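Take the sequence shown: its letters are residues 29 to 262, numbered as in our numbering.
Worksheet for the structure shown next.
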Amino acid sequence: MQFFGRELADYRAMFDLTDDQLRGRSVLDCPSGPGSFVSESAALGARPVGVDPLYAEPLDVLLARGRRDVQHTIDRMRAKAHAFADIDLDAYAASKLRALDRFARDHPSGLAEGRYLAASLPSLPFPDLHFDLVLSAHLLFTYSGPEHGGILPDSPFTLAWHLRAAEELWRVCRGELRLYPTTTRWESPSRHAWAEAVASRLQERGARIRWQPSTFARGNHAADTLNACLVVTR
């Protein structure tokens with residue numbers, strides 16, 4: 029699995045968020061990775077917490093893993109450049125390294141102040157209805173098996189795991205949960221069947237559901253007409 033982070037600008041695009049939707053709100057980012065969202069959103073006036081199982085490792089290990097995964101990912105993307113025609117790969121790599129650098133600078137104080145926490149789905153160490161806004165990107169659906177529309181061969185993230193993980197994210201949310209992406213990684217993308225299953229399960233729990241269009245470039249964006257985040261509201 030890839031361990032690199034993204035910038036606040038990426039979160040705006042993925043989740044169709046504005047700065048005003050972050051200011052003054054408690055926000056969970058899960059998984060957070062070595063990105064700058066926690067640092068940047070805190071500077072805006074949000075109260076973010078980033079959760080990732082790898083946060084149990086020391087900072088130097090996280091940075092080495094992050095740099096290695098950025099390079100590995102860019103190398104693979106360049107090898108399949110036709111599939112990423114809408115992405116400037118140099119700019120993409122630079123943004124990941126900027127995010128990693130800001131994470132590194134924020135990590136010592138953020139760890140001490142509780143902004144970074146080692147934990148993993150489908151079990152989170154928070155009480156019910158704890159966060160105003162819960163964000164989860166590039167884990168659910170993305171790391172399902174290729175036969176289901178994801179990218180991870182022999183994936184341990186089954187449909188049952190997805191349902192438990194989504195219910196856990198919803199449990200700790202008192203306002204709105206946003207999940208991204210919601211389409212398959214097949215050459216001709218379609219709505220991921222497990223995203224539909226998650227939406228149905230949370231509707232059964234009384235949630236309101238909508239598919240919010242996203243402007244985040246995932247590669248071959250022109251063909252991905254269903255590019256959207258799943259927004260779940262109480």
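Cβ coordinates follow ideal geometry from the N, Cα and C atoms, glycine included.
These figures come from a predicted structure and were not determined experimentally.
- The beta strand (DSSP E) runs of length 3 or more contained entirely in the segment 202-253 are, from start to end of the chain, 236-241.
- If only uninterrupted beta strand (DSSP E) runs of at least 3 residues are considered, those enclosed by the segment 59-85 are 75-79.
- Boundaries for Leu258: no alpha helix (DSSP H) harbours it, while the beta strand (DSSP E) harbouring it runs Ala256 to Thr261, taken from the DSSP string.
- With a 10 Å radius around the Cβ and a threshold of 16 neighbouring Cβ atoms, Glu68 comes out buried.
- Under the 8 angstroms Cβ criterion, the segment 180-193 does not count as touching the segment 203-215, having fewer than three qualifying pairs.
- For Ser172, the three-state secondary structure derived from DSSP is coil.
- Cβ-Cβ distances below 7 angstroms link Thr261 to Glu204, Ala235 and Arg236 in the same chain, with the five nearest sequence neighbours on each side left out; the list follows chain order.
- A straight line joining the alpha-carbon of Glu141 with that of Glu196 spans about 24 angstroms.
- For Leu117, the secondary structure class from DSSP, reduced to helix, strand or coil, is helix.
- Looking at the DSSP output, Phe154 bridges to nothing.
- Bridge pairing for Ser164: Leu207 [DSSP].
- The Cβ atoms of Arg192 and Pro150 lie closer than 9 angstroms to each other.
- With contacts defined as CB atoms closer than 9 angstroms, Met29 and Ala165 fail to qualify as a contacting pair.
- Of the other Cβ atoms in all chains shown, 16 or more fall within 10 Å of the Cβ of Pro76; this residue is therefore buried.
- Residue environment for Gly73: exposed (fewer than 16 other C-beta atoms within 10 angstroms of its C-beta).
- Between Arg34 and Lys124, the CB-CB gap stays under 9 angstroms.
- By the criterion of a C-beta distance shorter than 6 angstroms, Gly78 is surrounded in its chain by Asp57, Ser60, Val66 and Tyr144, once the five residues flanking it on both sides are discounted.
- Between Ala127 and Ser64, the gap from beta carbon to beta carbon is short of 9 angstroms.
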